[in-house]
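Residue numbers (full-length UniProt numbering), protein chains in the order written: chain D, 1 to 184; chain W, 1 to 184. Beta carbons: idealized from backbone N, C-alpha and C, even for Gly. If you're wondering where the values come from, they're calculated on a predicted model, not measured in any experiment.
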């Protein structure tokens with residue numbers, strides 16, 4: 001492993017928000033020079049690759065202000081302080097989709113934007129889905145989502161159309177296509 | 001498509017940096033209530049799934065201040081104003097790895113963190129690699145990277161060890177595994 005560590009000389013707090021904090025770190029580089037790093041702090045999140053008994057992928061469509069458009073994504077939600085990722089995953093699945101899973105297995109975790117953010121997503125695979133609630137989904141008060149269940153074939157078309165257009169959802173689809181060819 | 005559009009009432013500029021800008025938008029929700037959206041603006045990026053003639057994946061290890069650790073990633077770089085993603089991809093490949101590609105094909109694009117950021121990554125597949133430069137890589141003055149060439153088997157071990165730990169690189173590996181099983 002290389003030793004390119006950058007030591008923090010000074011941290012300037014720029015913004016403390018509801019979801020993200022922003023800071024600028026002055027750092028010492030490996031060559032002794034200094035530079036600035038613009039950093040976004042995020043609590044982390046979970047996302048679910050949830051398959052119905054008909055092998056459809058459970059997704060939600062929602063408006064994303066950062067993009068200025070609605071996209072269709074796998075269910076996801078922020079980690080709450082003191083809550084384990086698996087508990088968050090079970091809670092988010094139920095709140096966003098009305099499903100409860102008989103099995104909920106950890107797949108992988110990854111950083112979404114390591115160049116500027118520490119957001120990490122823990123991915124779980126949910127199977128054996130049972131409908132818990134057909135009522136209005138219990139979301140945060142400023143969240144509006146529409147449930148979708150799509151086949152892999154439909155998902156590939158939605159990627160072409162850029163209605164599926166985010167990293168975690170595209171990764172989930174390739175993961176499922178790989179597992180399906182591999183015969184698992 | 002649903003109509004959950006959120007209209008901007010007011011934009012508060014929080015920070016304008018070298019790589020990211022941060023703003024908080026006051027918005028009208030579909031139910032008529034108002035809320036705040038914390039948004040990070042980013043110029044976008046390209047990343048390369050680059051395969052050597054020995055079917056190794058070209059990667060770079062670098063320290064990521066946001067994560068406080070070094071990780072191994074596929075080559076990537078920010079879009080420059082007025083530069084097309086394909087030109088950026090060819091330039092970044094040469095600058096970060098010393099390789100030039102005979103073929104450079106668009107694969108997919110995705111938003112990395114649609115909940116708070118507009119960063120989009122355009123993924124290209126690079127094949128027919130030729131060494132252009134064995135000299136010191138021409139990087140930005142505050143970038144320090146170490147070239148690695150890893151097989152898919154090694155890449156899976158590096159994911160287990162969390163030395164590969166970011167969305168674009170994990171997506172690239174699943175993409176290659178899928179293509180390889182599919183026989184393309």
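Go ahead and label residue i buried or exposed: buried means 16 or more other beta carbons lie within 10 angstroms of its beta carbon, across all protein chains shown.
| i | result |
| --- | --- |
| residue 13 of chain D | exposed |
| residue 77 of chain W | buried |
| residue 9 of chain D | exposed |
| residue 188 of chain D | What is shown of chain D runs 1 to 184, which leaves residue 188 of chain D out entirely. |
| residue 133 of chain W | exposed |
| residue 16 of chain D | exposed |
| residue 37 of chain W | buried |
| residue 68 of chain D | exposed |
| residue 113 of chain W | buried |
At least one CB of chain D closer than 8 Å to the CB of residue i: is that the case?
| i | result |
| --- | --- |
| residue 62 of chain W | yes |
| residue 177 of chain W | yes |
| residue 30 of chain W | yes |
| residue 82 of chain W | no |
| residue 97 of chain W | no |
| residue 105 of chain W | no |
| residue 157 of chain W | no |
| residue 67 of chain W | yes |
| residue 25 of chain W | yes |
| residue 17 of chain W | yes |
| residue 39 of chain W | yes |
| residue 10 of chain W | no |
| residue 117 of chain W | yes |
| residue 74 of chain W | no |
How far does the beta strand (DSSP E) with residue i in it extend, from its first residue to its last?
| i | result |
| --- | --- |
| residue 186 of chain D | What is shown of chain D runs 1 to 184, which leaves residue 186 of chain D out entirely. |
| residue 23 of chain D | 21-28 |
| residue 126 of chain W | 120-131 |
| residue 147 of chain D | 145-150 |
Where do the N-terminal and C-terminal ends of the alpha helix (DSSP H) with residue i fall, by residue?
| i | result |
| --- | --- |
| residue 10 of chain D | No alpha helix (DSSP H) holds residue 10 of chain D; the beta strand (DSSP E) holding it covers 7-16. |
| residue 162 of chain W | Premise fails: residue 162 of chain W is in no alpha helix (DSSP H) and is neither H nor E. |
| residue 177 of chain W | 167-182 |
Check the Cβ-Cβ distances between residue i and every residue of chain W, and say whether any is below 8 Å.
| i | result |
| --- | --- |
| residue 35 of chain D | yes |
| residue 151 of chain D | no |
| residue 86 of chain D | no |
| residue 165 of chain D | yes |
| residue 221 of chain D | With chain D covering 1 to 184 only, the question about residue 221 of chain D has no answer from this structure. |
Cβ contact check for the region 19-27 of chain W and the region 96-104 of chain W: 3 or more pairs under 8 Å: no
I'd like the ranges of any alpha helix (DSSP H) spanning at least 4 consecutive residues and lying wholly in the region 37-117 of chain D. 85-97
Could you check whether the region 29-43 of chain W touches the region 83-91 of chain W, counting it as contact only if at least three pairs of C-beta atoms, one from each stretch, sit closer than 8 Å? no
Below 8 Å, how does it come out for the region 45-64 of chain W and the region 137-150 of chain W: are there three or more Cβ pairs, yes or no? yes
Should the region 90-99 of chain W be regarded as contacting the region 158-172 of chain W, the criterion being three or more beta carbon pairs within less than 8 Å? no
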